[in-house]
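Written out below as structure tokens is the structure these notes cover.
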Amino acid sequence: MKLKFLVKAISTGLLVGSTAMASAADYDLTMASTTPVASPWGKTLTSFQSLVKQYTDDQVNINASFGGALGNDTQLLQKAQLGSTVQGAQSSGANLGSVVHAFKSFDVPYIIKSIETSNKLFYPYGTLGGEAVDELQSLMAKKNLRLLYVMPFEFRGILTTDKKVQTPADMQGLKIRVTPSEVERSMITELGSGATTLGISEVYTALQTGTVDGLAIPPATAVAFGLHEVAGNMNLLNFQPHGSFMTVNARTWNKLPQDLQMKVQRAADDAVKQNAAFFEIELTNALEKFKAQGVNVITPTSAEQDAFTAIIQAPTTKIATKDFNKDEKHFFETLKSTLDNI
Numbered sequence: 001m002k003l004k005f006l007v008k009a010i011s012t013g014l015l016v017g018s019t020a021m022a023s024a025a026d027y028d029l030t031m032a033s034t035t036p037v038a039s040p041w042g043k044t045l046t047s048f049q050s051l052v053k054q055y056t057d058d059q060v061n062i063n064a065s066f067g068g069a070l071g072n073d074t075q076l077l078q079k080a081q082l083g084s085t086v087q088g089a090q091s092s093g094a095n096l097g098s099v100v101h102a103f104k105s106f107d108v109p110y111i112i113k114s115i116e117t118s119n120k121l122f123y124p125y126g127t128l129g130g131e132a133v134d135e136l137q138s139l140m141a142k143k144n145l146r147l148l149y150v151m152p153f154e155f156r157g158i159l160t161t162d163k164k165v166q167t168p169a170d171m172q173g174l175k176i177r178v179t180p181s182e183v184e185r186s187m188i189t190e191l192g193s194g195a196t197t198l199g200i201s202e203v204y205t206a207l208q209t210g211t212v213d214g215l216a217i218p219p220a221t222a223v224a225f226g227l228h229e230v231a232g233n234m235n236l237l238n239f240q241p242h243g244s245f246m247t248v249n250a251r252t253w254n255k256l257p258q259d260l261q262m263k264v265q266r267a268a269d270d271a272v273k274q275n276a277a278f279f280e281i282e283l284t285n286a287l288e289k290f291k292a293q294g295v296n297v298i299t300p301t302s303a304e305q306d307a308f309t310a311i312i313q314a315p316t317t318k319i320a321t322k323d324f325n326k327d328e329k330h331f332f333e334t335l336k337s338t339l340d341n342i
């Protein structure tokens with residue numbers, strides 16, 4: 001008799017902002033995201049939901065929840081680990097790094113330099129896999145998680161209100177907002193700036209009042225929070241990758257029959273392929289909004305990027321990997337070796 005996963009969160013209140021559907025499926029999984037349904041991340045989850053239904057002939061049903069209806073990023077990841085009310089959660093690399101330390105590797109400046117590189121790393125043959133991914137999956141399994149799909153990476157640049165930043169020297173003396181990430185704080189202080197920890201909801205006012213002079217942020221995220229309205233410059237330094245990962249509870253996954261695992265994974269791979277263009281469109285639209293606002297959008301030269309790399313990469317790598325155990329260190333070396341060959 002097939003095991004039926006009964007999701008406890010199928011109440012009207014808990015599934016606000018979701019696209020849950022009544023189903024006679026053999027397996028029900030709730031997959032949750034804090035992003036809006038109309039965002040590229042939301043569209044990817046919606047596509048995954050539809051493809052799973054199609055590929056498994058309704059044997060597996062995905063209840064997709066959006067906009068943080070079931071909790072914030074940290075809460076969703078915790079729920080996915082438990083697997084009772086939520087079986088899958090979208091998380092940033094920084095959030096995952098607090099649970100699976102190996103994900104801190106992706107915070108290292110310039111370790112991944114482009115969307116194309118990130119895609120080749122996680123999808124070397126058009127499907128999720130490869131040596132680095134296999135090692136990462138083993139590390140995640142110890143925390144009762146499995147990587148299901150990876151969305152195209154974003155990259156942090158430097159947004160400032162007044163001073164144009166093109167060289168490391170331009171960062172001297174600036175007050176820069178940072179997240180609680182040790183790696184990000186190190187990156188900013190190594191460049192000679194003061195680091196001020198603020199929540200993203202506080203940044204707009206902080207830029208207006210001069211509490212901070214700028215921050216490191218991907219362009220699309222900056223526009224999502226209206227920061228282009230108070231910016232003067234946006235340098236597309238791309239110095240810190242920002243990944244978004246869909247995870248699934250490992251025990252839930254392991255209880256799926258192997259044929260259904262293969263079909264669900266194919267649906268995940270195809271959902272990423274189908275929606276890849278939306279991420280490029282999102283970036284293009286964000287840059288257009290910056291320009292329409294009169295913001296200087298700066299594309300650095302390779303030499304300018306190399307100057308930043310020379311200062312920040314070594315010390316931030318040391319911080320990112322300082323608590324790695326033997327297996328995590330091995331993963332980091334595999335990651336670097338794989339990236340060197342892309």
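Note that the UniProt record's numbering numbers the sequence shown so that position 334 is 334, with each residue one more than the last. Think of the CB as a built atom: it goes at the ideal place given N, C-alpha and C, for glycine as much as any other residue.
Contact set for residue i: own chain, Cβ-Cβ below 8 Å, skip 5 residues either direction
i: I319; result: E182, V183 and S186
i: L6; result: Residue placement at L6 is poorly supported in this model, since its pLDDT is 38, which falls under 50; the coordinates still yield a value, given next. Excluding sequence neighbours, L6 sits near D28.
i: I311; result: P168, E190 and L191
i: G157; result: A216, I217, P218, P219, M234, N235, L236, L237, N238 and F239
i: T146; result: Looking at the sequence shown, residue 146 is not Thr but Arg. Cβ within range, chain order: Q137, M140, T247, V248, N249, A250 and W253.
Sub-8 Å separation of residue i and residue j beta-carbons
i: T34; j: G83; result: no
i: A286; j: V230; result: no
i: T46; j: A64; result: yes
i: F290; j: H228; result: yes
i: T197; j: P180; result: yes
i: residue 364; j: L128; result: Nothing can be reported for residue 364: it is not among the residues displayed for the chain, which extend from 1 to 342.
i: V108; j: A32; result: no
i: V295; j: N233; result: yes
i: T338; j: L70; result: no
i: A216; j: Q240; result: yes
i: V178; j: M140; result: no
i: I298; j: Q166; result: yes
Assigned secondary structure, residue i (DSSP; H/G/I helix, E/B strand, else coil)
i: residue 367; result: The question about residue 367 has no answer, for the chain in this structure spans 1 to 342.
i: residue 380; result: The displayed coordinates of the chain run from 1 to 342. Any statement about residue 380 would go beyond what the structure contains.
i: M21; result: Per-residue confidence for M21 stands at a pLDDT of 46, beneath the threshold of 50, marking its modelled position as unreliable; the derived number appears in the next sentence. Correct three-state label for M21: coil.
i: F324; result: coil
i: I217; result: strand
i: Y204; result: helix
i: I311; result: helix
i: T35; result: coil
i: L128; result: coil
i: Q305; result: helix
i: V165; result: coil
Own chain partners of residue i with C-beta closer than 7 Å, once the 5 adjacent residues on each side are dropped
i: S302; result: none
i: R251; result: G83 and N144
i: L148; result: G88, M246, T247, V248 and A268
i: D73; result: T34, S91, S92 and N95
i: D323; result: H101
i: L51; result: A267, D270 and A271
Residues bridged to residue i (per DSSP)
i: K175; result: G194
i: D28; result: N61
i: A222; result: Looking at the DSSP assignment, A222 forms no beta bridge with any residue, so it has no partner.
i: M140; result: In the DSSP output, where bridge partners are listed per residue, M140 has none listed.
i: V150; result: F245
i: I115; result: In DSSP, I115 forms no bridge with anything.
i: I158; result: A216 and N235
i: L145; result: N249
Spatial neighbours of residue i in its chain, beta-carbon cut-off 6 Å, leaving aside the 5 residues before and after
i: V42; result: The sequence given here has Gly at residue 42, not Val. Closer than 6 Å at the Cβ level, and outside the excluded window around G42, lie T35, P36 and F66.
i: S193; result: M171, L174 and I176
i: V272; result: Y149
i: G93; result: F103, F106 and G243
i: D58; result: A25
i: F331; result: A102 and E135
Test: residue i CB closer than 8 Å to a CB of chain C
i: L136; result: Although the question refers to chain C, the structure presented lacks it and comprises just one protein chain.
Quiz item: At what residue ranges does the segment 224 to 302 contain a whole run of the alpha helix (DSSP H), taking only runs of 4 or more?
Solution: 250 to 255 and 258 to 292
Exercise. Please go through the segment 37 to 109 and give each complete beta strand (DSSP E) segment of 3 or more residues, from N-terminal end onward.
Key: 60 to 65 and 88 to 92
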